[in-house]
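K.L.:
Please read through the structure below; I'll follow up with questions.
Numbering (the UniProt record's numbering), first residue to last: 1 to 409.
Here it is as structure tokens:
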């Protein structure tokens, strides 16, 4: 078993004691992270830390139930060095079985998040060693509502199209305001016709009796004295003269009344639009509010677990994998070089020039083979048989001589 490295107790978080002594522990808040095209429900518990950020989060994912060991260590020892954190995490990996907690090459069905994740049982055991006490119990015992509609991170909401709703509402408000501002302009001619008693500044004011006896609705041309500069009665006017005689037309009664009515009614439309814009702006998340703080915390969690930190961890793991492969390749090449050098030495010993040595030739004990005729070779007898044959022949000659020689004498 690998010996456990000492914990950096000198960097322990002093705010943990305050959280434990408080009547209520910090609540566990939930949010939905979108990572690798999948939605993961994550719970976070905020812990105050004496760092530049001022806080840290202990995270738990509810698809596997695992707790982030990295966030536990950073919440318990916020000022510990990276080497101390790596040593502790490596010891946990060597001591406990972490399969089924976070995605890996062996477990592609589980979405991979940044950091090292452990089971709730291991988290409780390590929480006691980190002096987290009831804080880690609150994280492990947290139970989200299965029917709850939890907040998504900003990136996940943008991917899901939820950010288009305020824009659509603003577009609807703009359309309503534009229609309200254009509607009085369409209904102004009847009102202008009804309010003809208001005289034009240039037109002569007729007596009241004559006005009653006159036609009900006098035209603007009838109320004005005839002049050479006004070609309005003519049906077809030259383009040059029409451009010069545009100034008398607004001085008619209807044209003079229309600006007054529009000026009296136009402030109402901006007021209503201003109210609607205020409502639309209040429906969005105002800056500095609690919702904004929650969004910022969610973005921090999203960037840390499924964002930049995950990419950095992937890069580090890939670099480590490349270094391991290079080291393995170098070992294999070194082993091959050793084998080749050993075989070459053996070959050199076998194929080397042998030292010169004088070999004494022993005398031959066998008789020298004599080549004879093939016909003579048919009656080839061994030396013993040959001597016996010669003896028989000599005996026969001797017996013949003994028997035949006395007859001659």
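Don't be surprised by glycine CBs; every beta carbon is placed ideally from N, CA and C.
Tell me the DSSP secondary structure of residue 106 in three-state form.
P.N.:
The count along the chain shown starts at 1 and reaches residue 106 at position 106. Of the three classes helix, strand and coil, the one that applies to residue 106 here is coil, per DSSP.
K.L.:
With a Cβ-Cβ cutoff of 8 Å, do residue 33 and residue 44 count as a contact?
P.N.:
Taking the chain shown and counting its residues from 1, one reaches residue 33 at position 33. Taking the chain shown and counting its residues from 1, one reaches residue 44 at position 44. Not a contact, by the Cβ cut-off of 8 Å.
K.L.:
Verify whether the separation of the beta carbon atoms of residue 140 and residue 124 is less than 8 Å.
P.N.:
In the chain shown, residue 140 corresponds to position 140, counting from 1. In the chain shown, residue 124 corresponds to position 124, counting from 1. Closer than 8 Å, so yes.
K.L.:
For residue 117, count the other beta carbons within 10 Å of its own beta carbon; 16 or more makes it buried, fewer makes it exposed. Which is it?
P.N.:
Residue mapping note: residue 117 aligns to position 117 of the chain shown, counting from 1. By the neighbour-count rule (16 or more Cβ atoms within 10 Å), residue 117 is buried.
K.L.:
Going by DSSP, what residue range makes up the beta strand (DSSP E) through residue 56?
P.N.:
Taking the chain shown and counting its residues from 1, one reaches residue 56 at position 56. 55 to 61 is the extent of the beta strand (DSSP E) around residue 56.
K.L.:
Determine the burial state of residue 341: buried for a count of at least 16 other Cβ atoms within 10 Å of its Cβ, exposed for fewer.
P.N.:
In the chain shown, counting from the first residue as 1, residue 341 sits at position 341. That one is exposed.
K.L.:
When the Cα atoms are used, what is the spatial distance from residue 148 to residue 327?
P.N.:
On the chain shown, residue 148 is found 148 positions in, with the first residue counted as 1. On the chain shown, residue 327 is found 327 positions in, with the first residue counted as 1. Whole-angstrom Cα-Cα distance: 51 Å.
K.L.:
If you draw a straight line from the alpha carbon of residue 143 to that of residue 134, how long is it in whole angstroms?
P.N.:
Within the chain shown, residue 143 is the residue found at index 143, counting from 1. Within the chain shown, residue 134 is the residue found at index 134, counting from 1. Rounded to whole angstroms, residue 143 to residue 134 spans 16 Å at the Cα level.
K.L.:
Would you identify the three-state DSSP class for residue 384, choosing helix, strand or coil?
P.N.:
For the purposes of this step, residue 384 is taken as the residue at position 384 of the chain shown. Reduced to three states, the DSSP call for residue 384 is helix.
K.L.:
Count the other CB atoms within 10 Å of the CB of residue 68; is the residue buried (16 or more) or exposed (fewer)?
P.N.:
Counted from its first residue, the chain shown places residue 68 at position 68. With 16 or more Cβ atoms within 10 Å of its Cβ, residue 68 is classed as buried.
K.L.:
Mapping DSSP to helix, strand and coil, what is residue 361?
P.N.:
Here the question's residue 361 lines up with position 361 in the chain shown. Here residue 361 sits in coil by DSSP.
K.L.:
Since I believe residue 95 is in contact with residue 35 (beta carbons under 8 Å), could you give me their beta-carbon distance rounded to a whole number of angstroms?
P.N.:
Stepping through the chain shown from its first residue, residue 35 is reached at position 35. Stepping through the chain shown from its first residue, residue 95 is reached at position 95. Their Cβ separation, rounded to whole angstroms, is 28 Å, which puts residue 35 and residue 95 out of contact at 8 Å.
K.L.:
Report the three-state DSSP secondary structure of residue 398 (helix, strand or coil).
P.N.:
In the chain shown, residue 398 corresponds to position 398, counting from 1. Reduced to three states, the DSSP call for residue 398 is helix.
K.L.:
Indicate the three-state DSSP secondary structure (helix, strand or coil) for residue 36 in the structure shown.
P.N.:
Your numbering for residue 36 matches position 36 in the chain shown. Note: residue 36 maps to coil in three-state DSSP.
K.L.:
How would you label residue 315, buried or exposed, when you count the other beta carbons within 10 angstroms and need 16 or more for buried?
P.N.:
One-based indexing of the chain shown puts residue 315 at position 315. Looking at its Cβ environment, which holds fewer than 16 other Cβ atoms inside 10 Å, residue 315 is exposed.
K.L.:
Thinking residue 78 and residue 51 are a contact (beta carbons under 8 Å), I'd like their distance in whole angstroms, please.
P.N.:
Working through the chain shown from its first residue, we reach residue 78 at position 78. Working through the chain shown from its first residue, we reach residue 51 at position 51. So it is a contact: roughly 5 Å between Cβ atoms.
K.L.:
When DSSP builds the beta bridges, which residues end up paired with residue 47?
P.N.:
On the chain shown, residue 47 is found 47 positions in, with the first residue counted as 1. Its beta-bridge partners are 56.
K.L.:
Look up residue 28 in the DSSP assignment and give the residues it is bridged to.
P.N.:
Counting from one through the chain shown, the residue named residue 28 turns up at place 28. Answer is 45.
K.L.:
Specify the secondary structure class of residue 10 as computed by DSSP and reduced to three states.
P.N.:
As a first step, residue 10 is located in the chain shown; it is residue number 10 there, counting from the start. It is helical.
K.L.:
Spatial neighbours of residue 72 within its chain, please: C-beta separation below 8 Å, excluding the five flanking residues on both sides.
P.N.:
Numbered from its first residue, the chain shown carries residue 72 at position 72. Excluding residues within five positions, the ones whose Cβ falls inside 8 Å are 58, 123, 126, 127, 130, 132, 136.
K.L.:
DSSP state of residue 16, grouped into three classes?
P.N.:
The count along the chain shown starts at 1 and reaches residue 16 at position 16. The answer is helix: DSSP assigns residue 16 an H, G or I state.
K.L.:
State buried or exposed for residue 359, treating a residue as buried only when at least 16 other CB atoms are found within 10 Å of its CB.
P.N.:
On the chain shown, residue 359 is found 359 positions in, with the first residue counted as 1. Counting Cβ neighbours within 10 Å, residue 359 comes out exposed, since fewer than 16 surround it.
K.L.:
Which two residues bound the contiguous alpha helix (DSSP H) that contains residue 405?
P.N.:
Reading the chain shown from its first residue, position 405 is the one you call residue 405. No alpha helix (DSSP H) holds residue 405; DSSP gives it neither H nor E.
K.L.:
For a test of the three-state rule: what should DSSP assign to residue 152, helix, strand or coil?
P.N.:
As a working note, residue 152 is residue 152 in the chain shown. Residue 152: strand per DSSP, three-state reduction.
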